[in-house]
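> If you're matching positions, the sequence shown starts at 4 in this note's numbering and goes up one per residue. Cβ coordinates follow ideal geometry from the N, Cα and C atoms, glycine included. Just so it is clear, the structure is predicted and the values come from calculations on it, not from any experiment.
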Amino acid sequence: MRTVDHLIIGGGVIGASIAYHLAVRGETNVLVIDAGKEPGAGSTSKATGGFRCQFGTEIGVKLSLLAREKLLHFEDELGIDSGYRPCGYLFVAKDEHQMSALRSAKEIQQKAGLRSVREVSPGIYGGSEATGRSV
């Protein structure tokens, strides 16, 4: 019977990441098992792969900034293009209440280290709202 120091159940993005980081730490007795026909064929294969740093909690912003750094250096570290292409994010406030919430989130984001967040056109409210009842 084989024994392992680390058994990882699931070979998707999370399981593969855990196995990789254990290996980086020098762990060699690691086994990844997956119920699918191949690793990553479960919920990972259905994910869009997007992420953003524009959260309203400091921990959410910091985790996203860490993920962004990992993706920016992915090819240097692993020799594979991750496909990551930064493209920005835009929020539109319909009223002063939403604008206030976005400004509060912006303060949290800047405190957590996100430097690129800014107001583009403050004071201009509007936009379209698709409720699902319109064509």
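(1) For Tyr87, I'd like the list of residues in its chain whose CB is within less than 6 angstroms of its CB, leaving aside the five on either flank, ordered along the chain.
(2) Going by DSSP in three states, Ile83 sits in which element: helix, strand or coil?
(3) Could you pull the DSSP bridge partners for Leu34 from this structure?
(4) Can you tell me which of the three DSSP states Phe94 falls into?
(5) Apart from the five residues just before and just after Glu78, which ones in its own chain have a Cβ nearer than 8 angstroms to its Cβ?
(6) Assign Gln57 to one of three DSSP states: helix, strand, or coil.
(7) Would you kindly work out how many angstroms separate the C-alpha atoms of Glu41 and Glu110, rounded to a whole number?
(8) Beta-carbon within less than 8 angstroms of Ala50's beta-carbon, same chain only, minus the 5 sequence neighbours each way: which residues are those?
(9) Measuring only the C-alpha atoms, how far is Ala96 from Ala44?
(10) Cβ atoms of Ala22 and Val35: under 7 angstroms apart, would you say?
(11) So the alpha helix (DSSP H) Glu110 belongs to, where does it begin and stop?
(12) Short of 8 angstroms in beta carbon distance, which residues of its chain neighbour Leu68, apart from the five on each side in sequence? Order them along the chain.
(13) Is the beta carbon of Val64 less than 7 angstroms from the beta carbon of Gln112?
(14) Between Phe58, Ile11, Thr31 and Glu61, which has its C-alpha nearest Asp143's C-alpha?
With the structure as the only source:
(1) Along the sequence shown, read from residue 1 onward, the residue named residue 87 stands at position 84. Correct list, in chain order: Leu74.
(2) Against the sequence shown, residue 83 aligns to sequence position 80. Ile83: coil per DSSP, three-state reduction.
(3) To locate residue 34, count along the sequence shown from 1; it is residue 31. For Leu34, which the question treats as bridged, DSSP gives the partners Leu10.
(4) For the purposes of this step, residue 94 is identified with residue 91 of the sequence shown, where counting begins at 1. Phe94 falls in the coil class under three-state DSSP.
(5) Your numbering for residue 78 matches position 75 in the sequence shown. Taken in chain order, the residues that qualify are Asp84 and Ser85.
(6) Taking the sequence shown and counting its residues from 1, one reaches residue 57 at position 54. Looking at Gln57 - three-state DSSP - the assignment turns out to be coil, as it is neither helix nor strand.
(7) Start at 1 with the first residue of the sequence shown, and residue 41 comes out as number 38. Start at 1 with the first residue of the sequence shown, and residue 110 comes out as number 107. Rounded to whole angstroms, Glu41 to Glu110 spans 43 angstroms at the Cα level.
(8) Reading the sequence shown from its first residue, position 47 is the one you call residue 50. Same-chain partners within the cutoff: Val16.
(9) Here the question's residue 96 lines up with position 93 in the sequence shown. Here the question's residue 44 lines up with position 41 in the sequence shown. Straight through space, the alpha carbons of Ala44 and Ala96 are spaced by roughly 38 angstroms.
(10) For the purposes of this step, residue 35 is taken as the residue at position 32 of the sequence shown. For the purposes of this step, residue 22 is taken as the residue at position 19 of the sequence shown. Going by C-beta atoms, Val35 is nearer than 7 angstroms to Ala22.
(11) Within the sequence shown, the letter at position 107 stands for residue 110. Here the alpha helix (DSSP H) through Glu110 covers Glu99 to Lys114.
(12) Locating residue 68 in the sequence shown gives position 65, where the first residue counts as 1. Closer than 8 angstroms at Cβ, skipping near neighbours: Cys56, Ala115, Gly116 and Leu117.
(13) Sequence index remark: in the sequence shown, residue 64 carries index 61 (1-based). Sequence index remark: in the sequence shown, residue 112 carries index 109 (1-based). Cβ distance < 7 angstroms, so Val64 and Gln112 count as in contact.
(14) Residue 143 lies beyond the stretch modelled for the chain, which goes from 4 to 138, so this question has no answer here.
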